[in-house]
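Counting from 2, one number per residue, gives the positions in the sequence shown under my numbering.
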Amino acid sequence: MRELKLLQEAGFYPLEVLQSATLNSADLLGIQEETGSIQIGKKADLVIVNENPLANFKVLYGTGHQKLNMETGMMERTQGILYTVKDGIVFDVKQMLTDVRQLVAEQKADEASAKGCGKKRGLDITGDLPHSV
């Protein structure tokens, strides 16, 4: 995302920025026959959003972003990426983010539990220690 924003700040039009991130990049890597544009026979790796990314690249953030509703004068959060399609498999981004948050919380709880038992992460100090000779 940072690179897209930098290209736009450098004076590229939004369509040119997206093209540089997709078709032009595939061409540079020599994989334009496989990916880089939406065509029959190419890999279907896509992000699905509810708004036009040419109007605002921030809709490509997984968690969305804040924007001003011009009618109400209130800040509101956009949806961001709704779905990601990778190798033809559809992933619900909201569910993926929920799953990641849960995994992180579980990991933190495990680490806190290990600290309370005198253990360090990745080191089992409860086993038999070698005797000195």
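Virtual Cβ for every residue (Gly too), placed ideally from N, Cα, C.
None of the values given here were measured: they were computed from a predicted structure.
Just the C-alpha distance for residue i and residue j, rounded to the nearest angstrom, thanks.
{"i": "residue 94", "j": "residue 52", "result": "15 angstroms"}
{"i": "residue 50", "j": "residue 26", "result": "21 angstroms"}
{"i": "residue 133", "j": "residue 108", "result": "Residue placement at residue 133 is poorly supported in this model, since its pLDDT is 44, which falls under 50; the coordinates are not used for a value here."}
{"i": "residue 105", "j": "residue 83", "result": "22 angstroms"}
{"i": "residue 102", "j": "residue 96", "result": "10 angstroms"}
{"i": "residue 5", "j": "residue 58", "result": "8 angstroms"}
{"i": "residue 63", "j": "residue 29", "result": "26 angstroms"}
{"i": "residue 115", "j": "residue 89", "result": "40 angstroms"}
{"i": "residue 100", "j": "residue 44", "result": "26 angstroms"}
{"i": "residue 10", "j": "residue 18", "result": "10 angstroms"}
{"i": "residue 39", "j": "residue 46", "result": "9 angstroms"}
{"i": "residue 110", "j": "residue 16", "result": "45 angstroms"}
Quick one: does residue i have its CB under 8 angstroms from some CB of chain D?
{"i": "residue 90", "result": "Of the protein chains in this structure there is only one, and it is not chain D."}
With distances taken from CA atoms, which of the options is nearest residue i?
{"i": "residue 76", "options": "84, 85, 83, 66", "result": "66"}
{"i": "residue 79", "options": "68, 9, 87", "result": "68"}
{"i": "residue 56", "options": "111, 114, 14, 34", "result": "14"}
{"i": "residue 20", "options": "32, 10, 37", "result": "37"}
{"i": "residue 33", "options": "41, 40, 24", "result": "24"}
{"i": "residue 2", "options": "42, 117, 54", "result": "54"}
{"i": "residue 98", "options": "71, 81, 70", "result": "81"}
If you count every other CB in all the chains shown that lies within 10 Å of the CB of residue i, and 16 or more means buried, which is it?
{"i": "residue 91", "result": "exposed"}
{"i": "residue 74", "result": "exposed"}
Rounded C-beta distance between residue i and residue j? I'm assuming under 8 angstroms.
{"i": "residue 85", "j": "residue 48", "result": "5 angstroms"}
Checklist entry - What alpha helix (DSSP H) runs, 4 residues minimum, are completely inside the segment 51 to 89? => result Uninterrupted alpha helix (DSSP H) stretches at least 4 residues long and entirely within the segment 51 to 89 do not occur.
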